[in-house]
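In the numbering used here, the protein residues as written are -3 to 411.
Heads up, the beta-carbon is just placed ideally off N, CA and C, and yes, glycines get one too.
A quick note: this is a predicted structure, and the numbers were derived from the prediction, not measured.
Here's the structure we're looking at; comments come further down.
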């Protein structure tokens, strides 16, 4: 990044910080609580009727990918200054929005559940510098895209259903953003360690300037300076520790993306930005006070959050709790963090670590014991997570006690 780009980025950061400080000041002066900032779940919106209309006429605007292509084309043509808020490559952004739209349509009959998810999305969007005026531009472009796709079959009712769905989503996202006014939209971090464990995989250690308030089993989003406005999710590979230092396990999944930049073009001293911590494989508070034995199942870099959970248990394990960690890999060479795991398990009779390098991981886990009274956490490729979860449910473990990060597995395909 050249000096002019660095200066522009620094100025933008200052503007964002000042904007959030002013909003927080206004909220404090008016004594508004986060719940008063927009209780969308209690707004009385019944999405069932809109869901029926949208589904009935979905073929008129489908495929969603082409609707979204036209939406962004209209928005950037009418408001070209908005293009700078988005990454150079729109491929991930467009596929992400397609999944969001599909999720909205599929769950519109359950607005309270949707509102919870959307509030979280709104909190996350603060790091992108999204403002209410941007949502207005988005709505305008969506209407234009619906009219273009539907053509002569366009109706007021079809457009109105989409607009009501969008306004419900925007209201929830705005409420989520307002509820997080006291939280920074992102943290600056310096790379303190970069170990290339395999040609396509690196373990990074980073240190934030301010405390990063996460729990073991959570993930964060990372922005690399080579790809501004491009954020990808990575699980945190360590329990909270002193010195504001975190660990990320990153596997390169393709050329040119954030993962490739983190694996191949990152060195000690480089600067990154981190979005707020999100998710949670363990229920909040369980890391210190839970009592059930833990079953942890990891595949690939899904090992990162499991390692964090084990580290947390080393520091704060409830009396009597036992932990069994299964790590799936193609072969021994694929166990990229085995030495650290072995050291964690040294002289700990309550911890069992089982590498699985042959056969199907789900079958091995299911056959290894009776897990019906355990709390299970599963992380890794989506197919692996689904197969392990299916086997555990079939063996009698209640679904409420099979934990996996739905955000990472459903909406994100980090590159």
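Taking C-beta atoms under 8 Å as the contact rule, residue 101 and residue 52 fail to qualify, at a distance of about 11 Å. DSSP places residue 342 in the coil class of the three-state scheme, outside both helix and strand. The three-state secondary structure of residue 243, taken from DSSP, is strand. With 16 or more other Cβ atoms inside 10 Å of its own Cβ, residue 361 counts as buried. Residue 151 sits in coil when the DSSP states are folded into three classes, being neither helix nor strand. Here residue 371 has 288, 290, 397 as same chain residues with Cβ atoms under 6 Å from its own Cβ, once five neighbours each way along the sequence are excluded. For residue 323, the closest alpha carbon among the candidates 168, 353, 200, 71 is that of 353. For residue 76, the three-state secondary structure derived from DSSP is helix. The alpha-carbon of residue 245 is positioned some 11 Å away from that of residue 194. By the Cβ-count criterion, residue 213 is buried, with 16 or more other Cβ atoms from all chains shown falling within 10 Å of its own Cβ. Nearest in C-alpha terms to residue 204, of all of 78, 215, 247, 184, is 184.
Cβ neighbours of residue 158 within its own chain (closer than 7 Å, five residues either side excluded): 50, 138, 142. For residue 351, the enclosing beta strand (DSSP E) starts and ends at 347 to 352.
For residue 122, same chain residues with a beta-carbon under 7 Å away, outside a window of 5 residues either side, are 173, 176, 181 in chain order. Here residue 219 is buried. Its C-beta has 16 or more other C-beta atoms within 10 Å. Restricting attention to alpha helix (DSSP H) runs no shorter than 4 residues, the stretch 57 to 102 encloses them at 60 to 74, ordered along the chain. The three-state reading of DSSP puts residue 287 in coil, since its state is none of H, G, I, E or B. Assigned with DSSP and collapsed to three states, residue 319 falls in strand. The alpha-carbon separation between residue 146 and residue 56 amounts to approximately 5 Å. Close CB contacts of residue 192 within its chain, under the 6 Å cut and outside five residues either way in sequence, are with 198 (chain order). Beyond the five residues adjoining it in sequence on each side, residue 64 comes within less than 8 Å, by CB distance, of 90, 93, 94, 97, 141 in the same chain, given in chain order.
The alpha carbon of residue 342 has as its nearest neighbour, out of 294, 306, 120, 326, the alpha carbon of 306. Using a 10 angstroms sphere on the CB of residue 47, the tally of other CB atoms reaches 16 or more, which defines it as buried.
Beta-bridge analysis with DSSP links residue 210 to no other residue. DSSP lists 219 as the bridge partner or partners of residue 227. For residue 204, the enclosing beta strand (DSSP E) stretches over residues 197 to 204. Between residue 110 and residue 103, the C-beta gap is smaller than 7 Å, which places the two residues in contact. From the listed residues 358, 210, 347, 367, the smallest Cα separation to residue 378 is found for 358.
As a beta-bridge residue in DSSP terms, residue 375 pairs with 294.
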